[in-house]
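Asker:
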Amino acid sequence: MKKFTFKGVLDGFRSSVNQQTPGGGAVKSCIEQEIQETLRPEHFQLKKTFRHGFPFSPTALAFDPVQRILAVGDKSGSMRLLGKFGVDAHVKHEGESACAVNLIEFLVNEGSLVTATADDTLHLWNFRPKIPKVVQSLKFQRERITRLHLPIGTKWLYIGTEKGNTHIVHIDSFSLSGYVINWNKAIDPIRKTHPGAVVHLSDNPLDANKLLIGFESGQLVLWDMRGKCAEFRWLSQESLSSCSWHHEGKHFITSHTDGSLCTWPLKISPKPLIHHFPHAKTNKEGKTESCNSIHKVEVKTNRLGDQFTIFSGGLPTEKCNTKSHCITVMVQGKSTTVLEMEHSVIDFVTMCESPWNSDLQEPYAVAVLLHNDLVLIDLLTPGYPTFESPYSMDLHESPITCCTYLADCPSDLVPAFYSVGRSAATNRRSGYSEREWPINGGEWQPTSCSYSEIIVTGHQDGSIKFWDSSAGTLQVLYKLKTSKIFEKPRVRSLDLNEDDPLAISILSLCAESRKLCVACNCGYVVLFKFRRAESTGDIVVLDIPFTMETLTEFDGSPECEFIPKSLPKPIDATENDKKNCSLLKVKSGQQRKPPGFQAQLVCASSWASGSVQITALTINSNYGLMAYGNEYGLTIVDIVKKCCVLNVCTQEIYGSIDPYSRTPRSPKRLENSQSKDDSLRSPSIDQCSREHIQLEQSGMQSMAPISLTPSNSLGIASHNATVDSGDGGGNVGCVAECKDTDIETGVDAICIVVDHTDDQQQHHSTAESVGGTLPPPPKAPPRTKRMSSTDASSKPVKKSFLDSLPLSKLVRYYNKLDNSFSRSRSSSMSSLENNAMEAVTCLAFADSYVKKSDPSMALPTAWLGTSLGSILTISLSVPEYDLRKANVVQAVPTGAMFRLKGSILSMSLLDCNGALIPYAFETWREDAKDGKEKRERTPTKTSSNKMSPTNPDGLCDRQFIVIASEKQAGVYALPSQNCVYRKKLVDFDFIVKAEIISMKDSVCLICYASNGHLMVFTLPSLKPLLEIDFLPLADLRISRTFSFSNKGHGLYLVTPTEIQKFTVCQEFSHQYNNMLGDLYVPHDMPEAPKESFFKGLFGGGMRNLDREELFGESSGKANRSVAKHIPGPNASIQELGTRTSTATSEISKAHQLMLERGDKLSQLEERTERMANEAQQFSSSAHLLMNKYKDKKWYQL
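Numbering (the working numbering), first residue to last: 165 to 1361.
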């Protein structure tokens, strides 16, 4: 007896359905042809790679004078280590220590440093490997760390705390010493108040036994380490900021909060030797001006005997604010130079040739850490110019508003951008020091990269920067200022929170033809063309207005957070005049255009009452077309003839098959049209269960999406049906919709549609799609729309069929609970908007098979995805090249093709072998060399060499279109328009960014979700390859700048000033370490200054201190409650390695002793044998001598 299974029944059912479908067997055989998917999970490994830009909100600065490595810490716990160009490492404190880095101290020339974070934890870092690691940590539990000091060449770290105590820690073991300097023993016994926190610690340059302790209140103490007592005490009248020793150790200088500098001798003195205000002037009344605090002072001396006093702050309060924006360099007896900075000074460090404080330090530069920049001042050049930085620290020169990442771009693009950018930069850059960048530590060898990478950033001031990010570095190539094509506004808004109309919102670059289209915040779209030479010409302006009369009460869906930036609303004439004055105006007449990207066309798309938000943008140089979508519709522009080809509302593209049955909005709107409640019906139910029903409106124009189980899915039957991909779970297989007229007369039928199909299963929908069943509508009229008039509300409200059912309240309840339709907070992630405002969110041009009637020819097509999940197409008729400038491009909307749940994010076409179809482009040529345009394939998108098979019957699918939305991904076959694969990407979250990329000679779909997960799927089968928790969506900045590119690379703006790159390619992850530079390079430690004969004779020379004896075990045990030792992440491995090395050394030592013992025994044996031989020889000689003389008489001898 034959065994029946559920799978067999389903297979039989499918085969029967395919047999009933005309040509179904042929279609099925073509669709199910085996496609080789070469990507495997082992090919993927997520890894954060390079970070570029300036550390956001820096807090600490340190410099290793021997290794010449600079360390910068910020408030988020990150730290950057900078050396020569290419030597740039980023590390981050983890766990509770992921907070501000307050202090950094180098172990000079040892490849290590110590950091103190805001949670009062010390961390020992080892940067000898390419990626620095935390060795161990020490958590202070009772006191806050305020100061660190590590004498050069020692292993004992001095730690000052907020309570005024000074602790000592051994660097190797990271354990506290029993030696503690308590504040009550350090200060004057007669003092009754607490001296405050320790703000300074340093030992005398010539006497290591003397430690200078500076307290916040102005108390200064010179502590005798051996005697454990205070040798001298001084008291300043003002609060103390910092101290600095003179190299001879006979006096030191202090800075104070009142803007004064004091010089103190090494003797008991109630007043300083010198007390002066370097920037204060005496007024007419004889009073000194009040000055700001001098935050830090350093005193250095060069070989010529010039004493440099360098400090920050101290300017009069009337001339500047409390924050320090200047650095002052005073050369004793010669000059005083004030260097004004653009931002507030966080910290600075003087860079010297000698690391020894007792030597003539020979200062050569000052590294100044500003709030938004890093500046190096040349002290050896008159005028103190700054060095030109090799790092890309000016990413945030203007806030970044959008970002595009192009990996594997044409090889000639980087040199072209560099040539025009360098010529412009040479003219601008002047006043920099001619000396080389002094931070030149480490070693870096550029690795040969087989492809070029370019990052394009758009900024708030309208500028666009092109960066070369190949080989792990970042260099600015070229800067384009879009503001130069506009006239300067007469009135500038003083509201800093108001968006700049010049801000770049979207970028689209055709790398092969070097055409760039840019969308500004004001709704303008600008087309640029790249030229190497300067030119003169005018800029064509196309005014493409969009006027629309709207309802006085226009509200979005209550569950929707996609609100258009400029909703149309009635305004008075005065406000309208103000709007017109604030709009940007393009410069008229002949304009000089410098080399680089030169503006050719400006499309001014705006409402009569203001600007409109651009939500999608693309360009195709082969068609000579540019398309952009906004919150309300689509515009296609001919960039060859510089004219508008199409300008329609999204609803007009649907034609007569609008799934939402929206109210007609043509200028000749009939008076008997539907009411306001019917016209603004929410399409959320269509997205969830595809039921086109109406629910009552109580104060809102639309309602939240409905989430129903498959058993409760209801559909109102109608004559129009569309193919639907369902909700990813296979609950609904087709769409049945109801016209508004049917609701008034009655309901024809109610059907229950249930389709239990698995996510990963292959679907062959037999229903015809909308775009393939209906003829194309006539050419759309100009985009001047009218919505329901205000008097429509006086008409009786029509209730839908389901409104009369008691289910309506239950439906609304489930709507509020269903958060699967939660939308993003920006236009790039928004999806469910009121059906009157269906934004275009995705655009693509491609030759595709969109006609079932003619499956043998790929026709030029514009694909667009909307915020409601619809995929629409527009057929294009592009003349041949010879007739291109004479004839007009024809564009005819062909209606909806497919539907997905959520806003459409990405679309790409695959051939029948599953390879990405490269887009066609026009090769870039100089104007003088322009020849016939050729249609070529881009090298940036690898494709298979296999060609699509031909079928004489025309029944085989030639292409697949991959569509990704905020909720789902689907693969559809063309021209049959069948849903081949579909996948539910997320349940309760949404996809922020999705892209179809090429990787390892194959393609895949990569997605970033709002829950922080990064997912990769195969194509076309949508099988999961990788899903990993990557990055929480904590800021809108991340979603706005998140970008994927080929080769599995991506980037995002991790902070407002830094770009973080990452990769999912396992091969690149393994090569990552080889691309990094070496931070540590062995150097000989400079010799300490030698003690002169006379100083040693008269007791004025250097005095050493045996710190091991003073701070070691003899000092006693430290209080365990003060600090807790935390082993490093590799502590167990290190301990095991230590034990192994110890055991190995013991074994080797025993082996060595055994070998030595054997050698000694062998030597003893040889000596014994030699003695025996000598004894034998002596015996033989004696015997011979006896025989010679035994018979002779004594007188014969």
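Built from N, CA and C at the ideal position, the CB exists for glycine as well.
Measuring straight from C-alpha to C-alpha, what distance separates Leu203 and Leu210?
Answerer: Approximately 15 Å, taken between the alpha carbons.
Asker: Determine the DSSP secondary structure at Glu526, reduced to helix, strand or coil.
Answerer: coil
Asker: Beta-carbon separation of Ser1070 and Cys1143 under 9 Å?
Answerer: no
Asker: Following the continuous alpha helix (DSSP H) through Ala1200, name the residue where it begins and the one where it ends.
Answerer: Per the sequence shown, residue 1200 should be read as Leu rather than Ala. Its alpha helix (DSSP H) spans residues 1200 to 1205.
Asker: What are the boundary residues of the beta strand (DSSP E) that includes Ala350?
Answerer: It is not in any beta strand (DSSP E) - Ala350 instead sits in the alpha helix (DSSP H) that spans 347 to 350.
Asker: Can we say the segment 1232 to 1251 touches the segment 243 to 259, given the rule of at least three CB pairs closer than 8 Å?
Answerer: yes
Asker: Between the alpha carbons of Glu453 and Phe650, how many angstroms are there, rounded?
Answerer: 46 Å
Asker: As a quick exercise: from Ser633, Tyr528, Leu570, Ser562, pick the residue whose alpha carbon is nearest that of Pro602.
Answerer: Tyr528
Asker: Between which two residues does the beta strand (DSSP E) containing Ser1162 stretch?
Answerer: 1155 to 1163
Asker: Let me know the beta strand (DSSP E) ranges lying completely inside the segment 991 to 1079, each 3 residues or longer, listed in chain order.
Answerer: 1004 to 1012, 1023 to 1030, 1034 to 1041, 1054 to 1063, 1068 to 1075
Asker: When the Cα atoms are used, what is the spatial distance from Lys498 to Ile417?
Answerer: 19 Å
Asker: Can the beta-carbon of Leu1149 be found less than 9 Å from the beta-carbon of Glu1159?
Answerer: no
Asker: Cutting at 6 Å between CB atoms, please list the residues of its own chain near Ala667, excluding the five before and the five after it.
Answerer: The beta carbon of Ala667 sits closer than 6 Å to the beta carbons of Thr565, Gln624, Asn685 from its chain, once the five residues preceding and following it are set aside; these are given in chain order.
Asker: Does DSSP put Pro1362 in a helix, a strand or coil?
Answerer: For the chain, the structure presents residues 165 to 1361; residue 1362 sits outside this window and is missing.
Asker: Within a Cβ cutoff of 6 Å, which residues of the same chain sit near Asn810, ignoring the five residues on either side of it in sequence?
Answerer: Residue 810 is actually Leu in this sequence, not Asn. Only Ile800, Ala1055 meet the Cβ criterion.
Asker: Taking 8 Å as the cut-off, is the CB of Thr637 close to at least one heavy atom of the ligand GDP?
Answerer: Of the ligands one can find in the structure shown there are none, so the ligand GDP has no counterpart to examine.
Asker: Going by CA-CA distance only, name the one from Glu462, Ala394, Leu425, Gly423 that's closest to Lys431.
Answerer: Ala394
Asker: When the distance is taken between beta carbons, is Gln1230 closer than 9 Å to Glu206?
Answerer: Between Glu206 and Gln1230, the CB-CB gap stays under 9 Å.
Asker: State buried or exposed for His1234, treating a residue as buried only when at least 16 other CB atoms are found within 10 Å of its CB.
Answerer: By the beta-carbon neighbour count (other beta carbons within 10 angstroms, threshold 16), His1234 is exposed.
Asker: To which residues of the same chain is Gly622 closer than 6 Å at the C-beta, ignoring the five residues directly before and after it?
Answerer: Scanning its chain for C-beta atoms nearer than 6 Å, with the 5 sequence neighbours on each side dropped, one finds around Gly622 the residues Thr565, Cys566, Ile628, Ile668, Leu671, in chain order.
Asker: According to DSSP, is Thr1306 helix, strand or coil?
Answerer: helix
Asker: By DSSP, does Trp1358 sit in helix, in strand, or in coil?
Answerer: helix
Asker: Tell me the residue span of the beta strand (DSSP E) that contains Ser405.
Answerer: 404 to 409
Asker: Between the beta-carbon of Ala264 and the beta-carbon of Lys294, is there less than 9 Å?
Answerer: no
Asker: To which residues of the same chain is Ser276 closer than 6 Å at the C-beta, ignoring the five residues directly before and after it?
Answerer: Asn290
Asker: Determine the burial state of Tyr596: buried for a count of at least 16 other Cβ atoms within 10 Å of its Cβ, exposed for fewer.
Answerer: exposed
Asker: In terms of alpha-carbon separation, which member of Phe396, Lys448, Leu340, His443 lies closest to Cys484?
Answerer: His443
Asker: Skipping 5 residues on each side, what residues in its chain have a beta carbon closer than 6 Å to that of Ser1107?
Answerer: Residue confidence is low: Ser1107 scores 37 on pLDDT, short of 50, so the model does not pin down where it sits. No coordinate-derived value is stated.
Asker: Using the C-alpha atoms, what's the distance from Gln1340 back to Leu1349?
Answerer: 14 Å
Asker: So, are the CB atoms of Lys460 and Phe512 less than 9 Å apart?
Answerer: yes
Asker: Which whole runs of the beta strand (DSSP E) in the segment 458 to 506 are 3 residues long or more, in chain order?
Answerer: Within the segment 458 to 506, the complete beta strand (DSSP E) runs of at least 3 residues are 458 to 465, 471 to 477, 490 to 495, 499 to 504.
Asker: Here's the rule: buried if 16 or more other CB atoms are within 10 angstroms of the residue's CB, otherwise exposed. What is Tyr1359?
Answerer: exposed
Asker: Can you give me the C-alpha to C-alpha distance between Thr1221 and Ile354, rounded to a whole angstrom?
Answerer: So the two alpha carbons sit approximately 51 Å from each other.
Asker: When DSSP labels each residue in this structure, what does Val584 get in the three-state scheme?
Answerer: helix
Asker: Run through the segment 596 to 664 for me and flag every whole beta strand (DSSP E) of 3 or more residues, listed as ranges in chain order.
Answerer: 616 to 623, 627 to 632, 639 to 645
Asker: What are the start and end residues of each continuous alpha helix (DSSP H) run of 4 or more residues lying completely inside the segment 1217 to 1262, in chain order?
Answerer: 1230 to 1239, 1257 to 1261
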